[in-house]
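This note's numbering applies: residue 8 is where the sequence shown begins, and numbers increase by one. Notes to accompany the following structure.
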Amino acid sequence: MEERFKPLFESAVLPNGKRIKNKFVLAPLTHTLSNDDGTASDREIAFMKSRTHDVGMAITAASYINIEGKAFPGHPSISKEADLEGLTELARTIKQNGAVAIMQIHHGGARALPEYVPNGDVKAPSQIEDYGYGKQQPHASRAMTAEEVEAAIKDYGRATALAIQAGFDGIEIHGANHYLIHQFVSPYYNHREDKWKDPFAFSKAVIEEVLEVKTALAPGDFVIGYRFSPEEAEKPGITMEHTQRLIQELITYPLDYLHASLMDIQSVTRDGKYAGATRITLLKQWINQKMPLIGIGSIYSGNDALKGLALGADFVALGRGLLLDPHLIEKIEHGKEDEIVNVFDAKREDHHQLPDELWQLFNKGRYPVPKKEI
8 MEERFKPLFE SAVLPNGKRI KNKFVLAPLT HTLSNDDGTA SDREIAFMKS RTHDVGMAIT
68 AASYINIEGK AFPGHPSISK EADLEGLTEL ARTIKQNGAV AIMQIHHGGA RALPEYVPNG
128 DVKAPSQIED YGYGKQQPHA SRAMTAEEVE AAIKDYGRAT ALAIQAGFDG IEIHGANHYL
188 IHQFVSPYYN HREDKWKDPF AFSKAVIEEV LEVKTALAPG DFVIGYRFSP EEAEKPGITM
248 EHTQRLIQEL ITYPLDYLHA SLMDIQSVTR DGKYAGATRI TLLKQWINQK MPLIGIGSIY
308 SGNDALKGLA LGADFVALGR GLLLDPHLIE KIEHGKEDEI VNVFDAKRED HHQLPDELWQ
368 LFNKGRYPVP KKEI
């Protein structure tokens, strides 16, 4: 290994004492491989095994906490007892090579798909039209009642209990990417007039529910993380000023990490007071050493990962990079960085060792990645 890459392979300890063997995290990947009922499929297990052998931490695909939050085909579930057998095997598979196994718990909100939601009754913080996964036309959603908001909070707690029972090392609360928790934070989605109009009230209630379940059922080193999107393009939407206030709320809780959802770890703030400032660096400053920060986005090499650490990330999450090359981390560690496959090649016979569903998505341009010139 080149000397300069050694920081990437140093272990780190989370606030609760959980040790992570290196700085690499498998990002939550929308793989669409689960069974129709949300239980884990054999192909899903095999795919996760192929992408978790070198990482220090692995986060599962977003997994719905209630069928009303199902947002894409092949969407995994952590909503019912019948899920436990597959979840247990998934946790075991992730952990067998030393990775810390994190279950991401999720609800699609306005982006849940009517064809999967009972009676097509899509619910969101407020009435709105939105686009679902892979859809060209928007669909409608209605405002959740106060009782439905409270029930959703309990669903996050139930999902946490299932993750504990299945043997996961922790959970990540999915508060990013225009899904339900993000929607409550965003002024674009949240037009409520009750107590849930406070953009941070729902996030805080979910965190408190999850922490209560952890205290009751899990060991002290069970990990609780929170993922968020620092900005959104919609107007009026989440800005870095909004996110600064969100961070101020989040760091008051005993969370073990925060995870910034970005397409490029080196990206800069779009507009407003902090326009042009590097997002990860700002977030690191605002967190003020209270907990680690995971950065993600366009990391295809050891150099990209080092830049992420230099900008302020404590861990770097790999998504598209590990999809293109499942041996990316191993190649960095063994001085073979020049052998990393960091461009999509539509003519590769091994299809980048991807399941057919993901291979087809790459072919259709669903994932923005560097591509081999034809």
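A virtual CB, placed ideally from N, CA and C, is assigned to each residue, including glycine.
Terminal residues of the alpha helix (DSSP H) in which residue i lies
i, result
"Ala320", "Per DSSP, Ala320 belongs to no alpha helix (DSSP H) and is neither H nor E."
"Ala225", "It is not in any alpha helix (DSSP H) - Ala225 carries neither H nor E in the DSSP assignment."
"Gly164", "Ala153 to Ala173"
"Gly328", "Arg327 to Leu331"
Residues near residue i by beta carbon distance below 7 Å, same chain, minus five either side
i, result
"Gly342", "Met8 and Glu9"
"Ile101", "Met55, Thr59, Ala65 and Ala108"
"Val213", "Ile160, Tyr163, Ile180 and Ile188"
"Lys77", "Tyr71, Gly115, Ala119, Leu120, Tyr123 and Val124"
"Glu57", "According to the sequence provided, residue 57 is Ser. The question's Glu does not apply to it. Cβ within range, chain order: Pro333 and Gln360."
"Asn197", "Pro132, Ser133, Gln190, Phe191, Lys204 and Pro206"
Close Cβ partners of residue i (< 8 Å) along its chain, the five nearest in sequence each way excluded
i, result
"Glu219", "Gly164"
"Pro243", "Pro194 and Tyr195"
Alpha-carbon to alpha-carbon, residue j and residue i
i, j, result
"Pro377", "Leu329", "13 Å"
"Lys202", "Val275", "33 Å"
"Ala173", "Glu51", "16 Å"
"Tyr7", "Ser133", "For the chain, the structure presents residues 8 to 381; residue 7 sits outside this window and is missing."
"Leu365", "Asp352", "13 Å"
"Ala282", "Leu290", "14 Å"
"Pro80", "Asp43", "8 Å"
Neighbourhood of residue i by C-beta, 6 Å cutoff - its chain only, sequence neighbours within 5 removed
i, result
"Leu187", "His114 and Gly116"
"Ser305", "Asp271"
"Glu241", "Tyr195"
"Lys297", "Ile258"
"Leu318", "Thr285, Ile287 and Thr288"
"Val129", "Ala119, Pro121 and Ser148"
Three-state secondary structure (DSSP) of residue i
i, result
"Gln273", "coil"
"His189", "helix"
"His359", "helix"
"Ile178", "strand"
"Glu136", "strand"
"Ser210", "helix"
"Ile109", "strand"
"Ala89", "helix"
"Ala98", "helix"
"Phe351", "strand"
Distance cut-off 7 Å: residue i Cβ against heavy atoms of the ligand ADP
i, result
"Asp162", "You won't find the ligand ADP in this model; it holds no ligand whatsoever."
Continuous beta strand (DSSP E) stretch holding residue i: start and end
i, result
"Gln150", "Note that residue 150 corresponds to Ala in the displayed sequence, not to Gln. Where Ala150 is concerned, the enclosing beta strand (DSSP E) stretches over His146 to Ala150."
"Gly232", "Val230 to Phe235"
Scan the segment 250-306 and note each continuous alpha helix (DSSP H) run of 4 residues or more that stays entirely inside, going in chain order. Every alpha helix (DSSP H) stretch that sits fully inside the segment 250-306 and reaches 4 residues is listed by chain position as 286-294.
Counting only runs that start and end within the segment 11-67, where is the alpha helix (DSSP H) found for 4 or more residues in a row? Secondary structure remark: continuous alpha helix (DSSP H) runs of at least 4 residues inside the segment 11-67, in chain order: 49-58.
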